[in-house]
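Numbering (the numbering used here), first residue to last: 1 to 274. From the three backbone atoms N, C-alpha and C, an ideal C-beta is built for every residue, glycine too.
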Ligand SMILES: [Zn+2]
């Protein structure tokens, strides 16, 4: 599943391609990808609209149009979003196509259909789940006091707390493991046992690793289109995730793997302590 860095890549590549473009027409499939509207509804609300901005909250993209309407896109497991010239061969599982005034098309492709698209008129209550998200990893409000207040009394593991989107938005399975390695904290540590110093290390590791991930994931618009926005996993910058049995890059001890909170989790038993 794409995490914040991959969605930020989509925003950085696709956002500028859509800015100022007007939707000429919409072709939408009648399936569960449309969360709160119908194909006709989506077409009615977006045809003639001009895209004013593309933002991101956690793992969701938010497209705002000239009337203040908001299209929220969550990518699920296999969602892809890209702009291509008209006439580009259409992939299977292309569910939504937005025809734009410069002859390009914005396409949403999703083989497994766990992604969702919402449209909200200006002022309409956002029911996409964005309202319940925690702060962004780079929010200056992320300090040890914030973490202490949000997770300090929890008996669940710190790994689960990092995956909880209502604490810090956008962190998924890969980068939670990398953040905990950076912070030197065992993922099994119950939140209420985290020391002040460990919370402080998390406060630094979270924005640092996410910024590193965004940077590592940067791609040119040409390469992005060639990959149809599918470049979700580049393993090379990862230090522990997916590396069980390999040597810890810091101390050489074999990385271990276990299931924590239902998710496969990797860590160094020497560098990461409780
Ligand atoms: Zn180690």
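By the DSSP assignment, the beta strand (DSSP E) with residue i in it spans what residues?
i           : result
residue 63  : 60 to 65
residue 100 : 94 to 100
residue 224 : Premise fails: residue 224 lies in the alpha helix (DSSP H), 221 to 226, not in any beta strand (DSSP E).
residue 236 : Residue 236 -> no beta strand (DSSP E), and no H or E assigned at all.
residue 243 : Residue 243 -> no beta strand (DSSP E), and no H or E assigned at all.
residue 263 : 263 to 267
residue 117 : 116 to 120
residue 193 : Note, residue 193: premise wrong, no beta strand (DSSP E); not H, not E.
residue 257 : 256 to 260
Do the CB positions of residue i and residue j come within less than 8 angstroms of each other?
i           : j           : result
residue 167 : residue 185 : no
residue 24  : residue 100 : yes
residue 275 : residue 178 : There is simply no residue 275 to check, as the chain begins at 1 and stops at 274 in what is shown.
residue 122 : residue 67  : yes
residue 253 : residue 269 : yes
residue 193 : residue 274 : yes
residue 70  : residue 63  : yes
residue 39  : residue 28  : yes
residue 6   : residue 217 : yes
residue 275 : residue 84  : The chain is shown from 1 up to 274; residue 275 falls before or after that span and cannot be answered.
residue 56  : residue 22  : no
residue 114 : residue 76  : yes
residue 65  : residue 46  : yes
residue 142 : residue 214 : no
residue 163 : residue 199 : no
residue 230 : residue 17  : no
residue 137 : residue 267 : no
residue 118 : residue 3   : no
Determine the extent of the alpha helix (DSSP H) in which residue i is found, giving its start and end residues.
i           : result
residue 197 : 196 to 216
residue 290 : No answer is possible for residue 290: it lies beyond the span of the chain, which begins at 1 and ends at 274.
residue 9   : 4 to 18
I believe residue i touches residue j by the beta-carbon criterion, under 8 angstroms. Please report the beta-carbon distance rounded to the nearest angstrom.
i           : j           : result
residue 299 : residue 158 : Since the first residue shown for the chain is 1 and the last is 274, residue 299 is missing from the structure and cannot be characterised.
residue 170 : residue 59  : 6 angstroms
residue 255 : residue 244 : 5 angstroms
residue 275 : residue 209 : Given that the chain is displayed from residue 1 to residue 274, the structure contains no residue 275 and the question cannot be resolved.
residue 116 : residue 35  : 4 angstroms
residue 96  : residue 82  : Not confirmed; about 12 angstroms, so no contact.
Practice task
Pick out the complete alpha helix (DSSP H) segments inside the segment 16 to 92, 4 residues or longer, and give them in chain order.
Solution key: If we require 4 residues or more, the alpha helix (DSSP H) runs fully inside the segment 16 to 92 come out as 39 to 46.
Exercise for the section: With a floor of 4 residues, list each alpha helix (DSSP H) that falls wholly inside the segment 123 to 188, ordered by position along the chain. Expected result: Those alpha helix (DSSP H) runs which fall completely within the segment 123 to 188 and span 4+ residues are 144 to 151, 158 to 163, 173 to 183.
Practice task
List in chain order the residues whose CB is within less than 5 angstroms of at least one heavy atom of ligand 1.
Solution key: This criterion selects 248, 250, 251, 253, 268, 270, 271.
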